[in-house]
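Protein chains in written order, with my numbering: chain Z, 1 to 391; chain Y, 1001 to 1118; chain G, 2001 to 2496. Okay, structure first, notes after.
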Amino acid sequence: MVIQNYSLGPIDLASIIPYVAMGTILGFILLIVPFVIWFERVVIALMQDRLGPNRVGPRGLLQTIADGVKLFFKEDLEPAAVDRSLYYMAPVLALIPALAAGAALPFASISLRMADGSVKSLPLVAGNVNIGILFILALSSLQVYGIVLAGWASNNKYSLLGGLRSSAQMISYELPMSLAILTGILMSGSLNLVDVVNSQAGSILDWNFFKLNPATGFFFPLGLIAGMIYLVAMVAETNRAPFDLPEAESELIAGFHTEYSSMKFAMFFMGEYASMLVVSGIATALWFGGWHAPFDFVLWNWIPGGIWFLAKLTFFIGVYVWLRATLPRLRYDALMNIGWKRLLPLSIVVLFAVATVDAFFFTKDTPAAISAPATPPSGTLTPMAAPGGGQ
Amino acid sequence: MSELYLTFAVFGAVAVGFVCVNLFIARLARPSAPNPDKLETYECGPLPVGEAWQQFNVHYYLFALLFVVFEVEAAFLYPWAVAYKQVGRYAVVEMLIFVAILAAGLGYAWRRKAIEWE
Amino acid sequence: MPDKSVIIGDMQAILPMIVLWVTASVIALGDVSLWKRGNKAINPLLAIVGVLVAFKFLVNTPRVASGATAFAKSLAIDPLGQISGIALLVTAVLSILLAWTYLKNRGLDHAEYYVLLLLSLTGAMMMASANDLIVLFLGLEILSFGLYVMAGFARTEERSEEASVKYFLLGAFGSAFLLYGIALVYGATQSTNLEQIRATLSSSSGAPGPMLLAGIGLLIVGLGFKAAIVPFHQWTPDVYEGAPTAATAYMAGAAKIGAFAAMLRVFGALTPVAASWLPAIQILAIVTMVFGNLLAVTQTNVKRLLAYSSIAHAGYLLVAIAALPSETVNGIASNAPDLAVGGALFYLFAYVFMTLGAFGVLVYLSSKGRDVQHVNDLRGLAKREPAAAYAMMFFMLSLGGIPPTMGFMGKWQIFYAAVTGQQIMLAIVMALTSAMAVYYYLRVVWVMCFEETTEAAAPEPVARTGAMAAIMLAAAATIVFGIAPNLLNAITGMGP
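Now the structure itself:
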């Protein structure tokens, strides 16, 4: 889609795009979360051969709204034994990084026809930083704080255990996640998410997940393996089934959010789904080609990139829900085992396989040598006192 | 470049604002009827004995230590991943040696059962 | 791709450190996979082989013209670094022999001890060759971490855990001071490279500003902590007493050598502003010598006694450092700095042999339930174990500075350097405190030779060869180099 006029009077379209994107992302995350929750409940119910929510609103669509209203008006219990400041800070810390991480996530690109006839495509992203993926990773690491502080501040043994377990799990899976992301970065050559997405332009064979196009780089099974590692790690990062032992209902009461009620609990709940959306967004941008269509049909090019992004995001949310409905929960030591002994070595191997394949098979000519550092002069500076003899 | 700071600041402010406004309005809207029983720590019924702020298993600390080591390694790998195309094969071999040293450490921890059990 | 010859030259410069690191890795990884704690003698054997290979590489490093550097001027390949390296490797050989015996007798025989020893040795060698304050700090930290863990190696003993925690906490503080000092010196001189700092300081005129003075003060505190100088010595007696004796022996040797080699470099770089820090060093030297010796007089625990004597020896070495800036005396160029560095290095060698030998005798007598610490455990040793007793006598005489031992030769050299460098007051204090020290050294000899054993003879420990070998080596060195100090110069290549 090409927009003909790129300036609306005194406002330059290019400069308001960040704010448009910001509004879209924030609005999207905050408004879609109720639908994701509803979607999850309906799909799990269907998979378990029972009726899902069907009372409130058509097909139970307003169920989540009703739950939210209930939480809003519920009495807020403040246990006497908690550590006040940390107790109130924890849910805030669980939600804000998830929302703020959306700032660097590009979800579409608009093509503008400039005055001189050329077509420039502007990515729709709130902040087009050169280190986009690092920014998002840093913010998702901050979510661990919310959980561990919630567990600690509650002064409840079950909360503490749940919080510690949860945070240990999150940091254990952050490593394979970073390394898998690194593999994607290696294949695309830049930390900027917009460049990463643009390097996957073309067709489905160019997506980092498949990478079967010999012209741009043939990494076939490696991209797939790294993508699967990222998928597993992202499910574990967000404390979702089958890695949800720390907050399971049948263990540890409710884990780290036992002592939280009403809106503070809602913050945790929303934070979990918001971070689900953000990591799915990263998966889409990094592995599935972002807003690019699978094939270069003229008809499909009419569909804006944002819709493609949304479709892929929905696919990942569907995978999340599917995993929750079908797989049993992992026992904690098995969980940590997988993270440290299986995923981490595998991700290191895949990272270096990609780097080696790229450097030794695809780079045919020796790149320009970096100028050698100046060799240090010898004997020109005043020497230190040379040790003399004994007597 | 400086517009980026502005956008991120606005984004952060909106996110923080949303959360805080939400909590504040909820505080105005909801009832509050404190009762000594409600103020107690929840432990499925029986009253809790002692505080929760006691010693806990040292394995959490071991995992955190190993995490820090490998996270710093990942932090070094990020600039390498971006720059290695210009440096070429030398960069791959050098980074391979670096990661191999750290992977040997992981192997050592594995054999010494530091990453077992929980 | 960076210039290949530069890389190879750099690697050649640190080859001894690489050898040590490779040996440590082989021991660590082999212990978990290949020999799986089976034949335990392989660990110390490998460690000694590694140290000897590193020694060979170190001695074979071409002695280029002074001023040669590696790694973009951050490491200095000069005789000071190389000779300190030799001293460190000697310390390592003696420590490994002692540890072989001690760990086996006390049931602490884990491979990690040797791994830590070799890795912290790498750090000490880095410290001794550092041409850059950041590399110095890095070496200090690598050295210290190994020592913290080695101090706590006897995990079931409260005393050892306490020593380790104390060392760690106070060591972290000392490192923080050092780092702050480095930051301030960098702020004042725009560089962390020692040669650059020296050039900047000698070209700038006028009094040093407050930032530089504060930085130098904090550097003195940070390095003084590691070298155990009064009043930063508080950790030394407790840590030396609590740590396993073999670890104490290594700690006493390696930390001192590393710290003093670093101090020689740093204060050598700061000589242009010597007027600002020389009085502080003089006062510290006097205080250290006096208090170190004074507090040792009343000690009945041999390890604490040796700890305080270490503090006193640090004081003597500070006298050598105080003689560093005297490049011109009364307008005539003097060789006081060369004498000071040479004397300090000789004294470090002497210190290693005598202190490690003394600890070695304690190791020799220790067995599973019985860590020989108290002076009463040494009663009548001359009759029970004549070899160990006479060796101990040599070590005590050497520590006291009585000819013809190496300790006397070392003290003489420092004395000479001090007098040549116009530090008369320090020389006098050194002589007086040495005389005072002879009391408690000779008291140990008295107890050994002229007192009767009060308790039944303890069962002989299982393995003693390593300790006996170390003691004999150290005793031989003490006597031989005391009579013919030029032999040491010939071996290490010191000298004109």
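For every residue, glycine included, the Cβ atom is placed at its ideal position computed from N, Cα and C.
Minimum Cβ-Cβ distance from residue i to chain G less than 8 Å
i, result
"Y:TYR1084", "no"
"Y:ALA1064", "no"
"Y:VAL1104", "The sequence shown places Ala at residue 1104 of chain Y, rather than the Val named in the question. It does: the Cβ of Y:ALA1104 has a partner Cβ on chain G nearer than 8 Å."
"Y:LEU1004", "no"
C-beta neighbour in chain Z for residue i, strict 8 Å
i, result
"Y:ILE1115", "yes"
"Y:ALA1051", "Note on identity: in this sequence residue 1051 of chain Y is Glu, with Ala being the wrong assignment. So, interface residue."
"Y:ARG1089", "yes"
"Y:PHE1070", "yes"
"Y:TYR1108", "no"
"Y:VAL1058", "no"
"Y:VAL1021", "no"
"Y:PHE1067", "yes"
Top-ranked residue by Cα proximity to residue i, from the options
i, options, result
"G:ILE2086", "G:VAL2053, G:VAL2115, G:LYS2104", "G:VAL2053"
"Z:SER111", "Z:LEU222, Z:MET187, Z:SER121", "Z:SER121"
"Z:SER275", "Z:GLY184, Z:VAL144, Z:PRO294", "Z:VAL144"
"G:LEU2140", "G:THR2156, G:PHE2168, G:ARG2155, G:ALA2418", "G:PHE2168"
"G:ALA2280", "G:LEU2213, G:GLY2268, G:GLY2050", "G:LEU2213"
"Y:VAL1014", "Z:ALA98, Z:VAL36, Z:PHE39, Z:ALA80", "Z:ALA98"
"G:ILE2283", "G:ALA2199, G:ASP2377, G:GLN2423, G:MET2126", "G:GLN2423"
"G:VAL2363", "G:ILE2483, G:ASN2131, G:GLY2174, G:THR2248", "G:THR2248"
"G:ASP2010", "G:LYS2040, G:SER2033, G:PHE2071", "G:PHE2071"
"G:GLY2343", "G:MET2406, G:THR2288, G:VAL2375", "G:MET2406"
Those residues which DSSP pairs with residue i across a bridge
i, result
"G:THR2069", "G:ALA2076"
"G:HIS2374", "G:ASN2301"
"G:ASP2132", "G:ASN2193"
"G:SER2005", "None, per the DSSP bridge assignment."
"G:SER2367", "G:ARG2370"
Run of the alpha helix (DSSP H) containing residue i, from where it starts to where it stops
i, result
"Y:VAL1058", "No alpha helix (DSSP H) holds Y:VAL1058; DSSP gives it neither H nor E."
"Z:ALA334", "332 to 337"
"G:LEU2284", "2274 to 2296"
"Z:ASP67", "63 to 73"
"G:TYR2250", "2245 to 2269"
"G:TYR2390", "2386 to 2400"
"Z:SER85", "84 to 100"
"G:LYS2056", "2042 to 2060"
"Y:ALA1009", "1002 to 1029"
"Z:ASN198", "193 to 198"
"Z:GLN143", "132 to 153"
Chain Y contact for residue i (CB, 8 Å cutoff)
i, result
"Z:PRO79", "yes"
"Z:LEU142", "no"
"Z:PRO377", "Any reading at Z:PRO377 must be qualified, since the residue scores a pLDDT of 38, below 50, and its modelled position is unreliable; the value itself is stated next. False, the Cβ-Cβ gap to chain Y never drops below 8 Å."
"Z:LEU346", "no"
"Z:SER371", "In this prediction, Z:SER371 scores a pLDDT of 36, lower than 50, which makes its location untrustworthy; no coordinate-derived value is stated."
"Z:GLY127", "yes"
"Z:ALA403", "Residue 403 of chain Z cannot be examined here, being either before or after the span of chain Z that is shown, 1 to 391."
"Z:PRO294", "no"
"Z:ILE185", "yes"
"Z:PRO106", "no"
"Z:LEU26", "yes"
"Z:MET234", "no"
"Z:ASP76", "yes"
"Z:ALA392", "Not covered by the structure: residue 392 of chain Z. The range shown for chain Z is 1 to 391."
For residue i, the first and last residue of its enclosing beta strand (DSSP E)
i, result
"Z:SER121", "119 to 124"
Interface residues of the stretch 2082 to 2116 of chain G facing chain Y [CB-CB below 7 Å]: none
Contact residues within the stretch 2017 to 2033 of chain G, judged by C-beta distance below 8 Å to chain Y: SER2025, ALA2028, LEU2029, VAL2032, SER2033
Chain Z contacts from the stretch 1026 to 1040 of chain Y (Cβ-Cβ distance under 9 Å): Taking 9 Å as the Cβ-Cβ cut-off against chain Z, the residues of the stretch 1026 to 1040 of chain Y that qualify are ALA1026, ARG1027, ALA1029, ARG1030, PRO1031, SER1032, ALA1033, PRO1034, PRO1036, LYS1038, LEU1039, GLU1040.
Chain Z contacts from the stretch 1008 to 1019 of chain Y (Cβ-Cβ distance under 8 Å): PHE1008, VAL1010, PHE1011, GLY1012, VAL1014, ALA1015, VAL1016, PHE1018, VAL1019
Near-chain Y residues of the stretch 89 to 101 of chain Z - C-beta to any C-beta below 7 Å: Cβ contacts with chain Y come from VAL92, LEU95, ILE96, LEU99, ALA100.
The stretch 198 to 222 of chain Z: positions lying closer than 7 Å to chain Y by Cβ: none
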